[in-house]
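*Asks:*
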Amino acid sequence: MMSDGTEHQQKAAIRPVKDAVEDQLLRAPGVVGVDIGEKVSGGKPTGELSIVVYVEEKKKKSALNAKDVVPPVIDGVKTDVQELVIELQAAMLQLDGGLQVDATSYTTLHGGISIGPSRSIFMNPPDVPAPGNYVFVGTLGAMVRDRASGATMALTNFHVACVDSGWAVGNRMVQPGRVDGGSPATQEFGALTRAQLTENTDGAVVTVDSSKAWDYTVEGIGDVAGTAAATTGMAVQKRGRTTEHTFGSVASTDATLSIDYGDGIGTRTLRHQIRISTDTAQSARFSDHGDSGSTVLDMNRNVVGLLFAGSSDGSTTFANPIATALDELGVDLLVRPAVVVTRPILTCLNTRLSVCELTRPATCYVETRLAVCHVTRTVTCYVETRTVICNIVTRTPVCQVTRAPVCLVTRPVVCNVLTRGGCPGDWEIPGEVINPGPRGDSGDAGWLGSQYDTGSFDGDPAYLAGYLAALEEIAAIEQEGES
Numbered sequence: 003m004m005s006d007g008t009e010h011q012q013k014a015a016i017r018p019v020k021d022a023v024e025d026q027l028l029r030a031p032g033v034v035g036v037d038i039g040e041k042v043s044g045g046k047p048t049g050e051l052s053i054v055v056y057v058e059e060k061k062k063k064s065a066l067n068a069k070d071v072v073p074p075v076i077d078g079v080k081t082d083v084q085e086l087v088i089e090l091q092a093a094m095l096q097l098d099g100g101l102q103v104d105a106t107s108y109t110t111l112h113g114g115i116s117i118g119p120s121r122s123i124f125m126n127p128p129d130v131p132a133p134g135n136y137v138f139v140g141t142l143g144a145m146v147r148d149r150a151s152g153a154t155m156a157l158t159n160f161h162v163a164c165v166d167s168g169w170a171v172g173n174r175m176v177q178p179g180r181v182d183g184g185s186p187a188t189q190e191f192g193a194l195t196r197a198q199l200t201e202n203t204d205g206a207v208v209t210v211d212s213s214k215a216w217d218y219t220v221e222g223i224g225d226v227a228g229t230a231a232a233t234t235g236m237a238v239q240k241r242g243r244t245t246e247h248t249f250g251s252v253a254s255t256d257a258t259l260s261i262d263y264g265d266g267i268g269t270r271t272l273r274h275q276i277r278i279s280t281d282t283a284q285s286a287r288f289s290d291h292g293d294s295g296s297t298v299l300d301m302n303r304n305v306v307g308l309l310f311a312g313s314s315d316g317s318t319t320f321a322n323p324i325a326t327a328l329d330e331l332g333v334d335l336l337v338r339p340a341v342v343v344t345r346p347i348l349t350c351l352n353t354r355l356s357v358c359e360l361t362r363p364a365t366c367y368v369e370t371r372l373a374v375c376h377v378t379r380t381v382t383c384y385v386e387t388r389t390v391i392c393n394i395v396t397r398t399p400v401c402q403v404t405r406a407p408v409c410l411v412t413r414p415v416v417c418n419v420l421t422r423g424g425c426p427g428d429w430e431i432p433g434e435v436i437n438p439g440p441r442g443d444s445g446d447a448g449w450l451g452s453q454y455d456t457g458s459f460d461g462d463p464a465y466l467a468g469y470l471a472a473l474e475e476i477a478a479i480e481q482e483g484e485s
């Protein structure tokens, strides 16, 4: 097995050769794709990179015209011909039995759920078994925002929301899709606003009705974290309406596909697409009909692609690179805003300005020489609207942290100043930490030495030690002043 660096260098050398000849190769009958991948010989991988030509059915050289034979080497690069039937992965009418299908009607729009056009489409053979009106279903990939208007939109594929050339801006969409029982009368959620079917993107966006709830999540996976570029070997996941939550890995970012979009649109070529191999240890297949429009995410929930096609055998899935799809549709993924928690500040203003920055609720006790001034309740608040004013203070206030984070007081708190005689009666003081006994006329300051409760303090021990030291210093000053 080659290293990632060696593989990257080899792909870089092969890419211009592949890009130069892919249109010629796609013109050959039965060729449906061209990519860069590992050459397989005798049913076994060789470990050697090559230009891979996908055909619906391998034929002997004797059954082909000489001009349609894929040469074994092109400009020094080996080639490999592999069978692969590639299909768009919207679904119409009823699916085959045995498939997992999520036909739930969700109150809140989000990624990974069934959606489709409210209108029916008249179709003729060979696109359908018999002429008639058909309804279609696919998957809502994720919620996005219009870069121009800021409108909230749902992201999916062109061939899911538009289906054919008869689409028009304003076509109504329904959740779940009509194939899954969605009702045009009661379950429409938005209007088709913009669509792109280019060499890069098979995409469409639907403006969500203002009355419809939505969320940033993908069903079964979680909130979309952002976007990322797909890289070879990257583990990926998706949630679609049909096969639901599945897993795979990025096999290539160089796939070019030639796909028939049906009557009125015809065959289109999409280039530099993401090819995904199914992780068969976790999923029988990565995608199936009805999964078109799903977002492909890495394991950190970053969106890397917009799923639109896959092989009939379930081994391979194809997706548009998400950055290109979003740019061509003029939208950005909606990501849940981060919650920013700011540090609350409690400000006590007095004759000596003191600012206490607290991380828990605090009760401030303002002390004077001959009295104790108690705030009559715990100072706990959530928005800074005013200042805590403590009147008649001759010493710096001491603030003791007692519980969890504080914000700020919503109106002024005026302290009650007591005279030399101490506190009359037994007072209920919420969250009190200092519990001084009555101070007598003797001037004894020993009451400051040890009467405080530290049992409920769970903060920084250094903070508490500093606080206790400050109390001792105040006591010493008191004693000097009395003597």
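For the sequence shown, my numbering gives the first residue as 3, with consecutive numbering after it.
Backbone N, C-alpha and C fix where the C-beta goes; we use that ideal spot for every residue, glycine too.
Just so we're clear, the structure is a prediction, and the values are computed from it rather than from any experiment.
1. So, does the region 77 to 88 touch the region 25 to 36, judging by three or more C-beta pairs under 8 Å?
2. Quick check on R371: does DSSP put it in helix, strand or coil?
3. Quick one: Cα of K60 to Cα of R29, how far?
4. Touching or not, the region 219 to 234 and the region 247 to 256, by the rule of three or more beta carbon pairs under 8 Å?
5. Based on Cα-Cα distance, which residue from E330, V305, S313 and F310 lies nearest to M145?
6. Is H10 buried or exposed, if buried means 16 or more other CB atoms sit within 10 Å of its CB?
7. If you measure from the CB of A193, is any heavy atom of the ligand COA nearer than 8 Å?
8. Below 8 Å, can you find three or more Cβ-Cβ pairs linking the region 219 to 227 to the region 235 to 248?
9. Taking the CB atoms as reference points, tell me whether I123 and L199 lie closer together than 9 Å.
10. Assign Q26 to buried or exposed, taking buried as 16 or more other Cβ atoms, counted over all protein chains shown, within 10 Å of its Cβ.
11. Alpha carbon to alpha carbon, what distance is there between A92 and L336?
12. Helix, strand or coil for Y2, going by three-state DSSP, please let me know.
13. Based on the DSSP secondary-structure assignment, which residues constitute the bridge partners of F320?
14. Establish whether the CB of S107 and some CB of chain C are separated by less than 9 Å.
15. Alpha carbon to alpha carbon, what distance is there between Q177 and F138?
16. Please report the residue range of the alpha helix (DSSP H) in which L28 lies.
17. Quick check: G487 and R196, are their CB atoms within less than 9 Å of each other?
18. M236 bridges to which residues according to DSSP?
19. Of the choices R243, L142, I324 and S52, whose alpha-carbon is the least far from that of A105?
20. Could you check the C-alpha separation between Q284 and L299 for me, to the nearest Å?
21. DSSP on V162, reduced to helix/strand/coil?
22. Helix or strand or just coil, what does DSSP make of A68?
23. Could you tell me how far apart the beta carbons of G44 and S52 are, in whole angstroms, since I believe they sit closer than 8 Å?
24. How many angstroms separate the CA atom of R405 from the CA atom of T188?
25. Going by DSSP in three states, G468 sits in which element: helix, strand or coil?
26. Kindly indicate which residue of A14, S167 and H291 has the alpha-carbon position closest to the one of S269.
27. In angstroms with no decimal places, state the Cα-to-Cα distance between K214 and P186.
28. Considering only the beta carbon of each residue, do D148 and V333 sit closer than 9 Å?
29. Look at the alpha carbon of A467 and the alpha carbon of E482, and state the distance between them as a whole number of angstroms.
30. With a cut-off of 8 Å on the beta carbons, I'd call V207 and A156 a contact; round off their distance for me.
31. Which residues share a DSSP beta bridge with R270?
32. Quick one: what does DSSP say D182 is sitting in, helix, strand or coil?
33. Helix, strand or coil for D299, going by three-state DSSP, please let me know.
34. Identify every residue that forms a DSSP beta bridge with K62.
35. So is I479 buried or exposed if we call it buried at 16+ other beta carbons inside 10 Å?
36. Quick check on this structure: which residue in D129, T319 and S279 has the alpha carbon closest to the alpha carbon of D290?
*Replies:* Let me lay it out:
1. yes
2. Residue placement at R371 is flagged as unreliable, the pLDDT there being 37, under the threshold of 50; a coordinate-derived value is accordingly withheld.
3. 16 Å
4. yes
5. V305
6. exposed
7. This structure simply doesn't include the ligand COA, nor any ligand for that matter.
8. In short, these stretches touch, since the Cβ pair count reaches three.
9. no
10. The residue in question, Q26, is exposed, as its Cβ has fewer than 16 Cβ neighbours within 10 Å.
11. Here the alpha carbons of A92 and L336 stand approximately 24 Å from one another.
12. Limits of the chain in this structure are 3 at one end and 485 at the other, which puts residue 2 out of reach.
13. F320 pairs with R277 and A311.
14. Checking the listed chains, one finds no chain C in this structure; it contains a single protein chain.
15. 12 Å
16. D6 to L28
17. What the structure shows of the chain is the stretch from 3 to 485, and residue 487 is not part of that stretch, so it cannot be assessed.
18. The partner list for M236 (beta bridge, DSSP) is empty, contrary to what the question assumes.
19. R243
20. The C-alpha of Q284 lies about 16 Å from the C-alpha of L299.
21. helix
22. helix
23. Their Cβ separation, rounded to whole angstroms, is 15 Å, which puts G44 and S52 out of contact at 8 Å.
24. With a pLDDT of 42 at R405, under the threshold of 50, the modelled position of that residue is not reliable, and the figure given next carries that caveat. Near 52 Å, if we compare the C-alpha coordinates of T188 and R405.
25. helix
26. For the sequence presented, residue 269 should be read as Thr rather than Ser. Nearest option by C-alpha distance: S167.
27. 15 Å
28. yes
29. 23 Å
30. With a beta-carbon spacing of about 7 Å, V207 and A156 fall inside the 8 Å limit used to define contacts.
31. R270 pairs with I261.
32. It is helical.
33. It is worth fixing the name first, because residue 299 is Leu in this sequence and not Asp. Looking at L299 - three-state DSSP - the assignment turns out to be strand.
34. Per DSSP, none; premise fails for K62.
35. Flag for I479 reads exposed.
36. T319
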